[in-house]
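Counting in the numbering used here, the sequence shown runs from 5 upward without gaps. For glycine and all other residues, C-beta sits at the position ideal for the given N, C-alpha and C. Model, not experiment: these values are computed from the prediction. In what follows, a structure is listed as structure tokens, so that the remarks can point back to it.
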Amino acid sequence: MLDRNQNFLRENNARYQFHPMIHPMLSQAHPPQIIVAGDGCRVTDIDGKTYIDGVGGLWNVNVGHNRPEVKQAIIAQMDQISYYSSFAGTATPPSIELSALVCGMADVEEADKIVFSANGSDAVETALKLARQYWRLAGEPGRYKFISLKNGYHGVHFGGVSVNGSPYYRGAYEPLLPGCTQIDTPWTYRNPYSQDPEELAQIIADLLDREIRHQGPQTVAAFIAEPVQGAGGVIVPPASFWPKLREVCDRYGVLLIADEVVTGFGRSGSMFGARGWGVKPDIMCLAKGISAGYVPLGATVLNRRVVSAWYQGITPEGFLMHGYTATGHPLACAAALAALDIVIREDLPGNAARQGTRLIEKLKPLADSSSIVGEVRGKGLMIGLDLVADKVSRASLDPSNGIAERVAAYARDEGAIVRPAGSTIILSPPLVINEAECDILASALTAAFARIER
Ligand code: PMP
Numbered sequence: 005m006l007d008r009n010q011n012f013l014r015e016n017n018a019r020y021q022f023h024p025m026i027h028p029m030l031s032q033a034h035p036p037q038i039i040v041a042g043d044g045c046r047v048t049d050i051d052g053k054t055y056i057d058g059v060g061g062l063w064n065v066n067v068g069h070n071r072p073e074v075k076q077a078i079i080a081q082m083d084q085i086s087y088y089s090s091f092a093g094t095a096t097p098p099s100i101e102l103s104a105l106v107c108g109m110a111d112v113e114e115a116d117k118i119v120f121s122a123n124g125s126d127a128v129e130t131a132l133k134l135a136r137q138y139w140r141l142a143g144e145p146g147r148y149k150f151i152s153l154k155n156g157y158h159g160v161h162f163g164g165v166s167v168n169g170s171p172y173y174r175g176a177y178e179p180l181l182p183g184c185t186q187i188d189t190p191w192t193y194r195n196p197y198s199q200d201p202e203e204l205a206q207i208i209a210d211l212l213d214r215e216i217r218h219q220g221p222q223t224v225a226a227f228i229a230e231p232v233q234g235a236g237g238v239i240v241p242p243a244s245f246w247p248k249l250r251e252v253c254d255r256y257g258v259l260l261i262a263d264e265v266v267t268g269f270g271r272s273g274s275m276f277g278a279r280g281w282g283v284k285p286d287i288m289c290l291a292k293g294i295s296a297g298y299v300p301l302g303a304t305v306l307n308r309r310v311v312s313a314w315y316q317g318i319t320p321e322g323f324l325m326h327g328y329t330a331t332g333h334p335l336a337c338a339a340a341l342a343a344l345d346i347v348i349r350e351d352l353p354g355n356a357a358r359q360g361t362r363l364i365e366k367l368k369p370l371a372d373s374s375s376i377v378g379e380v381r382g383k384g385l386m387i388g389l390d391l392v393a394d395k396v397s398r399a400s401l402d403p404s405n406g407i408a409e410r411v412a413a414y415a416r417d418e419g420a421i422v423r424p425a426g427s428t429i430i431l432s433p434p435l436v437i438n439e440a441e442c443d444i445l446a447s448a449l450t451a452a453f454a455r456i457e458r
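Pasting the structure below:
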């Protein structure tokens, strides 16, 4: 029996909300699933059916749903004060504590200061703006260009969209920022250059070198990339790629921005994604896992090199003319302090590495048993199943035929939520997932692919 509230939700689902990424006609025909509760790695929908959360919210509920520690921290902060910004002359205890904690956690990366915001897109926007401001302060205002990678995803603001690596995300919003170009991605599964990962890493690093020289090194502000590409299809670069990128950036003084919105705080199996490749970026963009999705929060971490420019004397550009109403939001910072305490205490990067390896091993047989799974790949708990039309040519399955969505629907029938993204099925469960839950997730997906074959 439905109560009035449930009737209201069912009737109005898809009526008033514009659902991003879903065609309006489709969202009328197949209204979005209504999730009403969550606990650990499981969520429950409005019909009372429970699923393994194979997407961790949206790569972000790293500590699992409904953690009492995080809830208590938010409530305790509300008892003190729910909102005051850390912007233009005020701060709150949680924002101060969190800035010290995150800079301490990124000590290896020589973190010096942190700028808080409200989400990943803000963190990227802040990074791009501060990179330009850095060069003005350093006396090289002509350095305004950004280079990024094809298939990269950097959020929805105009700066982030300008450096996004997929025309699919950029096309509708042009013209974008001038001076943004993309080079190829070292995608070992699907590339025209080389089947040898290390050779491929060198080729793409050489492309970056050539692009910087082509643009003119004195005009390039920064290179931005994700340590492991997420939304673009979970593309894991060869091990030497990031060290080579760092070398090329250093050759021309170009700033290296790591977009760690997904990889930050353990998802790829180390505390930060770039650290997993043994590289120190100049700027890191953080969001999602920082507060585990409980209250939205973004953060941009600047290293000592970048921050030093702000101490070179007072100039008209010398202040940080950038900030958000939500900068240092105390509820978000309180949630983050509790979430990061769990990340450290329970060694979630270590668990992500272990469970990710297990999940990939369990899913790998699909590359043989399913006619449409070309490759199962990943790092930590960022996992992608590449759907192909033809295993020999490795041509992608046409996303418009809806097969990825059917796989996700069958997986839901089997009790798991997974994410169809173009021609990839993406898995990014909470980092607290255990062996038994990994096995349920793998079985549900295996059953879903078996139904596609029938
Ligand atoms: N950067 C990366 C790498 C992302 O994956 C995302 C979101 N998926 C963003 C930036 C934007 O974050 P948000 O959606 O919180 O604005």
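For ILE239, the beta-bridge partners assigned by DSSP are GLN233. By the criterion of at least three beta-carbon pairs nearer than 8 Å, the segment 37-56 is not in contact with the segment 255-275. It is roughly 14 Å from the alpha-carbon of CYS253 to the alpha-carbon of ILE187. Residue state for GLY302 is assigned as strand, using DSSP reduced to three classes.
Excluding its 5 nearest sequence neighbours in each direction, THR130 has C-beta neighbours in its own chain below 8 Å: VAL119, SER121, CYS289, GLY302, THR304 and HIS326, listed in chain order.
Going by C-alpha positions, GLY220 is about 24 Å away from SER170. With a contact defined as Cβ atoms closer than 8 Å, GLY378 and ARG398 qualify at about 6 Å. Counting every other CB atom within 10 Å of its CB across the protein chains shown gives LEU62 a total below 16, marking it as exposed.
Shown here, CYS289 sits in a strand according to DSSP, grouped into three states.
Membership of ARG46 in the beta strand (DSSP E) is indicated by the continuous run 46-49. In this structure, ALA340 has its beta carbon at no less than 8 Å from each heavy atom of the ligand PMP. Around the beta carbon of LEU30, a 10 Å sphere encloses fewer than 16 other beta carbons of the protein chains shown; the residue is thus reported as exposed.
With a minimum length of 3 residues, the unbroken runs of beta strand (DSSP E) contained wholly in the segment 353-437 fall at 377-383, 386-394, 423-425 and 428-431. In this structure, the C-beta of LEU62 approaches the ligand PMP to less than 8 Å from one of its heavy atoms. Closest by C-alpha distance to GLY282, out of LEU141, PRO231 and TYR193, is PRO231. If you ignore the 5 residues before and after TYR138, its C-beta comes within less than 8 Å of the C-beta of ALA225, LEU259, VAL310 and ALA313, all in its own chain and listed in chain order. Residue pairing of ILE85 in beta bridges, as defined by DSSP: absent, with no partner found.
Rounded to the nearest angstrom, the gap between the Cα atoms of HIS161 and ASN168 is 10 Å.
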